[in-house]
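Protein chains in written order, with full-length UniProt numbering: chain A, 1 to 336; chain B, 1 to 330. Heads up, the beta-carbon is just placed ideally off N, CA and C, and yes, glycines get one too. Keep in mind the model is a prediction, meaning the values are calculated, not measured.
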Amino acid sequence: MTRPADDLLLEVRDLHVDYPLRGGLLQRRRGTIKALNGVSLSLRRGEIYGLVGESGCGKTTLGRALVGLAPQAGGEITFDGVRLPADGRRDRFARKIQLIFQDPYASLHPRKPVRELVGEGLLINGLASADEVDGRSLAMLERVGLNAEHLYRYAHEFSGGQRQRIALARALVLHPQLIVLDEPTSALDVSVQAQTLNLLKELRRELGLTYLFISHDLGVVRYMSQRMAVMYLGHIVEEGETETIFERPQHPYTRSLLASLPSIRHRKQRHKAALQGDPPTPIDPPPGCPFAGRCPKTQPICREQNPALAPAVGDPAGGGRDHRVACYFPDLPGEG
Amino acid sequence: MATASPPLLAVEDLQIRFHTLRGVVHALDGVSFEIARGESIGLVGETGCGKSITARAILRLVDPPGRITAGSIRFEGTELLTLDRRAMRTIRGQKISMIMQEPKVSLNPVMRIGRQVAETLLIHDRSLSHRQAEAKARDMLGSVSIPDPARMAQRYPHELSGGMAQRVMIAMMLVTRPRLLIADEPTSALDVTIQAQILDLMTDLIAEIGSSVLMISHDLAVVAETCDRVIVMYAGTVVESGTVDAVLDEPSHPYTRGLLNTLPDQVDPDRPLQSIPGNVPSLLAPPVGCRFAPRCPEAGPRCRRETPAAYDVGAGHVAACFLHADGGVA
Ligand SMILES: Nc1ncnc2c1ncn2[C@@H]1O[C@H](COP(=O)(O)OP(=O)(O)OP(=O)(O)O)[C@@H](O)[C@H]1O
Ligand SMILES: Nc1ncnc2c1ncn2[C@@H]1O[C@H](COP(=O)(O)OP(=O)(O)OP(=O)(O)O)[C@@H](O)[C@H]1O
Ligand code: SF4
Ligand code: SF4
Ligand SMILES: [Mg+2]
Ligand SMILES: [Mg+2]
Chain A
1 MTRPADDLLL EVRDLHVDYP LRGGLLQRRR GTIKALNGVS LSLRRGEIYG
51 LVGESGCGKT TLGRALVGLA PQAGGEITFD GVRLPADGRR DRFARKIQLI
101 FQDPYASLHP RKPVRELVGE GLLINGLASA DEVDGRSLAM LERVGLNAEH
151 LYRYAHEFSG GQRQRIALAR ALVLHPQLIV LDEPTSALDV SVQAQTLNLL
201 KELRRELGLT YLFISHDLGV VRYMSQRMAV MYLGHIVEEG ETETIFERPQ
251 HPYTRSLLAS LPSIRHRKQR HKAALQGDPP TPIDPPPGCP FAGRCPKTQP
301 ICREQNPALA PAVGDPAGGG RDHRVACYFP DLPGEG
Chain B
1 MATASPPLLA VEDLQIRFHT LRGVVHALDG VSFEIARGES IGLVGETGCG
51 KSITARAILR LVDPPGRITA GSIRFEGTEL LTLDRRAMRT IRGQKISMIM
101 QEPKVSLNPV MRIGRQVAET LLIHDRSLSH RQAEAKARDM LGSVSIPDPA
151 RMAQRYPHEL SGGMAQRVMI AMMLVTRPRL LIADEPTSAL DVTIQAQILD
201 LMTDLIAEIG SSVLMISHDL AVVAETCDRV IVMYAGTVVE SGTVDAVLDE
251 PSHPYTRGLL NTLPDQVDPD RPLQSIPGNV PSLLAPPVGC RFAPRCPEAG
301 PRCRRETPAA YDVGAGHVAA CFLHADGGVA
């Protein structure tokens, strides 16, 4: 399905997020954590965009930056045609971008009944009058598979899957356009994960939502997303249509990541550990390609200058028009 | 592969109860399985189904309020459940080792890791001097792919990444050369590229030592890649077991089938994922008969009356389900 380019809901350009690294008795600044080091991506209206990468690569930071919860050190974020202020004062947009966390246990206030958890946003944002609130909340709870009997119960009385549904209802009553789902099913059992993923897909279709879907589970991202990006150490190293990334990855990191994945269908075919070493920390990273320290193909130039995320070339099958790779020596299909 | 000699480990009819304020938790009921010498077995199932408690029972590490209330666990022919504490400690130290999900919890937080490996060496070989043990410990760290072992040996556990700490645990295992290695979610806290490294390392060392393995994981794919056989648990019972190929290609218990169908890597993106209706039952009052009956699409009246035994469905492949019994579910 092709859409006109102006159908972009979100455009992120060269986004930087730095955290100070403090240490010692006086908590002096000892360095900078480059949590996001020049991230660019765009989300089209109505799509599910997957974001994968190893622990600490900056996925959550990107999600938080979109709702103004991470210190933006550079770059710009454009949402629905309007540039968001970099200082995090996003009141006008707060409602339109909602964040759902991994851990439904931690994200819901323990002393508020469901009725209040779901309804309070409506009141705060002036979206409903006091006598409309319960009706609207209930309608949304029913939409996510809960019912009136749940209105006066507290979060701790629900299972993980049910809590995630409450968190969704709480976000959805505000009629957001974009939902950042940060590992929404990682804390759930597989049988419950399936129900939640199905629900997320249905809701997107019915309500015309756009998702940024963060996960470390590549199987889930492949099932959920149309397009996706692979992050490494604060950078996006590859981006494209999900099937292209899985079938014809070009970045050496993406290829190692996929090769490392155990699989039920292709069992005992996993390559011998594709990648040596641990991911480096994003503390004062050296110049050059973020993957240079672990990449089997590193050349001197890789350590000098960071390769830009540029359209993928050389794929005879046609890499998909959105396929972009940040590497001087990408693995072309058919190689290795 | 099954051998003619008696199995290394035989667990029979194991039953574990937790006496809590809210009532008695029927955590395990009638759990039986065997592990042959040199064989690796995966134990899979959703959270709370009893994987860890089964592993801890083998090491007699079930703490109150938990209690082993029935059953037998024989290791190399010896009954472990009645063994005296000293003999049990020897087995724990020398014949059965355990690697856990959070290796840092099992490491001593205030001792440098080189020293920890050296101490383990000293316990096993009294003829070593301290200096020799420390040198050998550095070699062992190198052999589990820890870079710059001399420098890393000086670090404390909290200064290691999860993958490095897991390597240290594997180095310790290499010291003890156990007959049975129990690994409880050894890679669940790690990133996939690190998981691949650890699984390779474990597989190679296990082949070298010839240990048997009980690998616990909630990730079927990890078990599929590393084990010969698999045991599927549900709500404190074993529902199916057999070779990895048999169980994954021809799942015979409705729960195993349901579990495989829910996995996203099994379906095309345009079809909704199948899910298992309902929730895992409370083990305070588990369902009478088959514990899966309230969620099973194929349940019949017999399933709510009787508890299914393990019925043969193929060579070494059994399923605890009346669909495979004479008379069926009626
Ligand atoms: N508030 C903070 N202060 C200091 N450093 C931070 C803060 N939040 C994140 N970081 C650092 O920024 C980097 C990116 O973290 P982030 O949480 O975005 O990673 P992630 O990709 O979401 O990882 P995971 O998969 O483990 O959730 C990490 O090195 C992290 O330690
Ligand atoms: N201290 C305890 N008190 C009461 N019940 C307990 C206790 N410890 C464990 N249980 C019960 O024993 C059952 C088995 O727990 P176990 O830890 O073996 O599950 P598991 O399969 O390892 O799950 P996970 O995948 O979450 O690690 C659970 O239902 C749990 O509720
Ligand atoms: S730019 Fe160089 S170091 Fe980076 S991924 Fe490509 S080949 Fe490897
Ligand atoms: S015994 Fe009956 S309820 Fe249990 S799994 Fe088989 S068919 Fe289903
Ligand atoms: Mg995160
Ligand atoms: Mg466990």
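Under 8 Å by beta carbon: chain B residues contacting residue i
i                     : result
Tyr223 (chain A)      : Pro264, Asp265, Val267, Pro269 and Leu273
Gly219 (chain A)      : Leu263, Pro264 and Asp265
Asp278 (chain A)      : Ser161, Gly163, Met164 and Ile194
Asn198 (chain A)      : Pro272, Leu273 and Ser275
residue 356 (chain A) : No answer is possible for residue 356 (chain A): it lies beyond the span of chain A, which begins at 1 and ends at 336.
Ser159 (chain A)      : Asn279
Same chain, Cβ closer than 7 Å to residue i, neighbours up to 5 away in sequence not counted
i                : result
Gln193 (chain A) : Thr185
Asp284 (chain A) : Gly31 and Thr32
Gly336 (chain A) : Model confidence at Gly336 (chain A) stands at a pLDDT of 48, short of 50, so the residue's coordinates are unreliable and nothing is read from them.
Leu121 (chain B) : Leu128, Ala133, Lys136, Ala137 and Val175
Lys34 (chain A)  : Asp18, Gly234, Pro282 and Pro285
Arg155 (chain B) : Arg112 and Ile113
Leu36 (chain A)  : Leu15, His16, Val17, Gly58, Thr61, Leu62, Ala65 and Gly234
Val12 (chain B)  : The sequence given here places Glu at residue 12 (chain B); Val does not occur at that position. Answer for Glu12 (chain B): Ser32, Gly71 and Ser72, listed in chain order.
Member of the options whose CA lies at the smallest distance from the CA of residue i
i                : options                                   : result
Ala310 (chain B) : B:Cys321, B:Ala221 and B:Gly300           : B:Cys321
Val44 (chain B)  : B:Ala315, B:Arg74 and B:Leu248            : B:Leu248
Pro6 (chain B)   : B:Pro308, B:Glu46, B:Phe75 and B:His130   : B:Phe75
Ser40 (chain A)  : A:Ser107, A:Leu69 and A:Thr78             : A:Thr78
Thr20 (chain B)  : B:Pro103, B:Ile123, B:His317 and B:Leu284 : B:Leu284
Ala150 (chain B) : B:Ala189, B:Leu181, B:Asp125 and B:Val117 : B:Val117
Phe33 (chain B)  : B:Ile231, B:Asp270 and B:Arg295           : B:Ile231
Met100 (chain B) : B:Glu208, B:Leu273 and B:Gly162           : B:Gly162
Lys96 (chain A)  : A:Tyr253, A:Pro287 and A:Leu10            : A:Leu10
Glu102 (chain B) : B:Arg131, B:Ala165 and B:Ile53            : B:Ala165
Arg177 (chain B) : B:Glu185, B:Asp200 and B:Gly210           : B:Gly210
Leu15 (chain A)  : A:Gly63, A:Gly46 and A:Arg45              : A:Gly63
Arg13 (chain A)  : A:Lys297, A:Val230, A:Pro287 and A:Ala73  : A:Ala73
Val223 (chain B) : A:Ser260, A:Ile100 and A:Arg267           : A:Arg267
Pro279 (chain A) : A:Gln299, A:Leu332 and A:Leu257           : A:Leu257
Ala315 (chain B) : B:Leu181, B:Thr237, B:Thr78 and B:Glu250  : B:Glu250
Leu9 (chain B)   : B:Gly38, B:Arg302 and B:Leu199            : B:Gly38
Val24 (chain B)  : B:Arg305, B:Arg295, B:Ser282 and B:Ala325 : B:Ser282
Contacting residues, own chain, Cβ-Cβ under 6 Å from residue i (five flanking each side not counted)
i                : result
Ser292 (chain B) : Before going on, a small fix: residue 292 (chain B) reads as Phe here, not Ser. Same-chain partners within the cutoff: Tyr234 and Tyr255.
Phe213 (chain A) : Ile48, Gly50, Leu181, Met224 and Ser225
Lys104 (chain B) : Pro157 and Ala165
Pro4 (chain A)   : A caution first: Pro4 (chain A) carries a pLDDT of 49, below 50, which makes its placement in the model unreliable, though a value can still be read off. Within the same chain, Pro4 (chain A) has no close Cβ partners at all.
Glu239 (chain A) : Ala229 and Arg324
Gly75 (chain A)  : Arg13, Asp14, Leu15 and His16
Pro287 (chain B) : Pro281, Ala293 and Pro294
Expected contact under 8 Å - CB spacing of residue i and residue j to nearest Å
i                : j                : result
Ile16 (chain B)  : Ala57 (chain B)  : 6 Å
Ile166 (chain A) : Leu209 (chain A) : That belief does not hold up - the Cβ atoms of Ile166 (chain A) and Leu209 (chain A) are roughly 18 Å apart, past 8 Å.
Val239 (chain B) : Ala319 (chain B) : 7 Å
Arg115 (chain A) : Leu151 (chain A) : 4 Å
Arg265 (chain A) : Asp268 (chain B) : Contact flag wrong, Cβ pair sits at about 13 Å.
Gln276 (chain A) : Cys327 (chain A) : Contact flag wrong, Cβ pair sits at about 18 Å.
Val118 (chain A) : Val173 (chain A) : 6 Å
Tyr253 (chain A) : Val237 (chain A) : 5 Å
Val144 (chain B) : Leu181 (chain B) : Wrong, their Cβ atoms sit about 14 Å apart, outside the cutoff.
Partners in chain B for residue i, counting only beta-carbon separations shorter than 9 Å
i                : result
Ala194 (chain A) : Asn261, Thr262, Leu263, Pro264, Pro272, Leu273, Gln274, Ser275 and Ile276
Nonlocal neighbours in the same chain, by C-beta distance under 8 Å from residue i, ignoring five residues either side
i                : result
Leu188 (chain A) : Gly160, Gly161, Gln164 and Thr196
Thr242 (chain A) : Gly50, Val221, Arg222, Ser225, Gln226, Arg227 and Met228
Pro113 (chain A) : Leu151, Tyr152, Arg153 and Tyr154
Contact with chain C by residue i, beta-carbon distance below 9 Å
i                : result
Lys297 (chain A) : Of the chains in the structure shown, none is chain C; the protein chains are A and B.
Any non-hydrogen atom of ligand 8 closer than 8 Å to residue i Cβ
i                : result
Val239 (chain B) : Only ligand 1, ligand 2, ligand 3, ligand 4, ligand 5 and ligand 6 can be found as ligands here, which leaves ligand 8 out of the picture.
Chain A contact residues for residue i, given Cβ-Cβ distances below 8 Å
i                : result
Asp191 (chain B) : Glu54, Ser55, His216 and Pro279
7 Å Cβ cut-off: residues of chain A touching residue i
i               : result
Gly93 (chain B) : Within chain A, no residue comes near Gly93 (chain B); the closest Cβ sits about 30 Å away, beyond 7 Å.
Thr47 (chain B) : Asp189
Contacts that residue i makes with chain A (C-beta to C-beta distance below 9 Å)
i                : result
Glu185 (chain B) : Simply none; closest approach about 14 Å.
Ala171 (chain B) : Neighbours of Ala171 (chain B) on chain A: none; closest Cβ ~16 Å, over 9 Å.
Residues that residue i contacts on chain B, provided the C-beta gap is smaller than 7 Å
i                : result
Arg205 (chain A) : Correct list: empty, because the minimum Cβ distance to chain B is about 11 Å.
| For ligand 1, residues whose Cβ lies under 6 Å from any non-hydrogen atom | A:Tyr19, A:Ile33, A:Ala35, A:Gly53, A:Ser55, A:Gly56, A:Cys57, A:Gly58, A:Lys59, A:Thr60, A:Thr61, A:His216 and A:Pro282
| message | Which residues neighbour ligand 3 when neighbourhood means a C-beta less than 5 Å away from any of its non-hydrogen atoms? List them by chain order. | response | A:Pro252, A:Cys289, A:Phe291, A:Ala292, A:Cys295, A:Lys297, A:Thr298, A:Cys302, A:Pro307, A:Cys327, A:Tyr328 and A:Phe329
| query | So which residues touch the region around ligand 6, with touch meaning a C-beta under 7 Å from any heavy atom? | reply | B:Lys51, B:Ser52, B:Asp184, B:Glu185 and B:Ile216
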